[in-house]
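In the working numbering, the protein residues as written are 1354 to 1419.
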């Protein structure tokens, strides 16, 4: 089993390589607010399934994106 710190480092490295620019802020949206994210300009979206160590969303209606 991988150490949590190693998983964090892998995810951090992946995101730094994947995201074009450092975001000024992030939104954490609960159920029913996912459409708000679609209205954001210049949004950078990464699927949880692509991020090392991240869980995959199984909740109906949740896109599982960061």
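Just so it is clear, CB atoms sit at the ideal spot from N, CA and C, and this is done for glycine as well. Just so we're clear, the structure is a prediction, and the values are computed from it rather than from any experiment.
request  = Only counting runs of 4 or more residues, tell me where the alpha helix (DSSP H) segments fall wholly within the region 1365-1406, in order along the chain.
outcome  = The qualifying runs are 1387-1391.
ask   = Nearest to residue 1394 by CA position, among 1405, 1379, 1404, 1407, is which residue?
value = Of the candidates 1405, 1379, 1404, 1407, the one whose C-alpha sits nearest the C-alpha of residue 1394 is 1379.
key: Presumed contact (8 Å Cβ cut-off) between residue 1360 and residue 1406, rounded CB distance   = For residue 1360 against residue 1406, the beta-carbon gap comes to about 3 Å, under 8 Å, which counts as contact.
key: Supposed close pair residue 1404, residue 1419 - CB separation, criterion 8 Å   = With a Cβ gap of about 7 Å, residue 1404 and residue 1419 count as contacting.
key: Alpha-carbon to alpha-carbon, residue 1385 and residue 1363   = Taking the straight line from one Cα to the other gives about 30 Å.
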